[in-house]
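Numbering (the numbering used here), first residue to last: 3 to 230. Glycine included, every Cβ here is placed at the ideal spot set by N, Cα and C. From a predicted model like this one, the values you see are computed outputs, not experimental measurements.
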Amino acid sequence: FIAGGVNKYIPTPIEDKSNQNNQGFACNPGGSIFDTGSLGYISLYFTRPFVGQVTIPPTVILSVYGTRKTGSYSGIPLTQISMSGSVTVPQSCEINTGKAINIDFEDIAANHFKTAGQMPKDFSPHVVNMTVACTNISAGVKIALSFQGMADTNDSTALATTNRDIAVRIENITGVKIPVISGLLPVNFNYPSQTGDTTMKIYPINTTGNLPSGGGFTATATIQAEIE
3 FIAGGVNKYI
13 PTPIEDKSNQ
23 NNQGFACNPG
33 GSIFDTGSLG
43 YISLYFTRPF
53 VGQVTIPPTV
63 ILSVYGTRKT
73 GSYSGIPLTQ
83 ISMSGSVTVP
93 QSCEINTGKA
103 INIDFEDIAA
113 NHFKTAGQMP
123 KDFSPHVVNM
133 TVACTNISAG
143 VKIALSFQGM
153 ADTNDSTALA
163 TTNRDIAVRI
173 ENITGVKIPV
183 ISGLLPVNFN
193 YPSQTGDTTM
203 KIYPINTTGN
213 LPSGGGFTAT
223 ATIQAEIE
């Protein structure tokens, strides 16, 4: 804001801008009577998408200098404007409309688990399609799914089960392993509709090379949407 004879908000940066006030007045020792720079507003523009929260530390964004002679200024500003704060983007994603994904491997003969790291003989991986619906996801922001659960002690990339010789392997549709906790399953995301989909393959594996004990086994993991 420039006062004097202008009395308008002027976009910055500016240099040698007159306040169009030619009236003289006596200096008041110890006083500081001026209005230029005492008002203003700020517009924020983000050059790239971000997620979560961005903190703006105390930052000087404008210094106002005054002079009676064009081009000749003191090194001490009349006033300085600084800003600080934070900007938060409220974002959320819902996986499979919030419904649990239950996978039943059905009956598997224990003697079919013979080789460590391999699925049972004649077993076909289960293919699971998942949907993702999000809000406030800007173009260019990546969405992926992670699997939070207990990793197997013999194969840290697989999900532990209640049977110490068996774990659950998760892969993407092309057969690339998705490690528990650290792995990410990419989502095909449509930004205009704010929806996406992805597919995983899942199957049990032997992790010890030992013949598993008989009986049922279970494993549990939480699927989280990761926004990058």
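Residue j beta carbon less than 7 angstroms from that of residue i
{"i": "Asp-157", "j": "Ala-169", "result": "yes"}
{"i": "Ala-112", "j": "Pro-206", "result": "no"}
{"i": "Ala-162", "j": "Met-152", "result": "yes"}
{"i": "Pro-194", "j": "Ala-146", "result": "no"}
{"i": "Thr-81", "j": "Tyr-75", "result": "no"}
{"i": "Ser-86", "j": "Ile-58", "result": "yes"}
{"i": "Glu-17", "j": "Lys-144", "result": "no"}
{"i": "Leu-175", "j": "Phe-149", "result": "One point to set straight first is that residue 175 is Ile, not Leu, in the sequence displayed. Not a contact, by the Cβ cut-off of 7 angstroms."}
{"i": "Val-8", "j": "Asn-21", "result": "yes"}
{"i": "Pro-79", "j": "Ser-65", "result": "yes"}
{"i": "Asn-212", "j": "Asp-167", "result": "yes"}
{"i": "Thr-164", "j": "Thr-220", "result": "yes"}
{"i": "Ala-135", "j": "Thr-197", "result": "yes"}
{"i": "Asn-138", "j": "Val-91", "result": "yes"}
{"i": "Asn-131", "j": "Thr-224", "result": "no"}
{"i": "Phe-3", "j": "Leu-41", "result": "yes"}
Cβ neighbour criterion (16 or more within 10 Å) applied to residue i
{"i": "Pro-122", "result": "buried"}
{"i": "Thr-209", "result": "buried"}
{"i": "Val-56", "result": "exposed"}
{"i": "Ile-103", "result": "exposed"}
{"i": "Gly-39", "result": "buried"}
{"i": "Val-182", "result": "buried"}
{"i": "Val-62", "result": "exposed"}
{"i": "Ile-204", "result": "buried"}
{"i": "Phe-191", "result": "buried"}
{"i": "Asp-199", "result": "exposed"}
{"i": "Ile-105", "result": "exposed"}
{"i": "Phe-115", "result": "buried"}
{"i": "Asp-154", "result": "buried"}
{"i": "Ile-12", "result": "exposed"}
{"i": "Ile-44", "result": "exposed"}
Three-state class that DSSP yields for residue i in the structure shown
{"i": "Ala-162", "result": "strand"}
{"i": "Gly-87", "result": "strand"}
{"i": "Gly-100", "result": "helix"}
{"i": "Ala-112", "result": "helix"}
{"i": "Met-121", "result": "coil"}
{"i": "Gln-22", "result": "coil"}
Paired residues, beta bridge with residue i - DSSP
{"i": "Val-170", "result": "Leu-161 and Pro-206"}
{"i": "Asn-192", "result": "Thr-197"}
{"i": "Lys-10", "result": "Ile-4"}
{"i": "Ser-148", "result": "Gln-226"}
{"i": "Ser-94", "result": "Thr-137"}
{"i": "Leu-187", "result": "Leu-147"}
{"i": "Asn-212", "result": "Per DSSP, none; premise fails for Asn-212."}
{"i": "Val-129", "result": "Lys-203"}
{"i": "Ala-153", "result": "Leu-161"}
Near the ligand NAP: residue i beta-carbon under 6 angstroms from a heavy atom
{"i": "Thr-222", "result": "In the structure on display, the ligand NAP does not appear, and there are no ligands present to speak of."}
task: Let me know the beta strand (DSSP E) ranges lying completely inside the segment 41–80, each 3 residues or longer, listed in chain order.
output: 55–66
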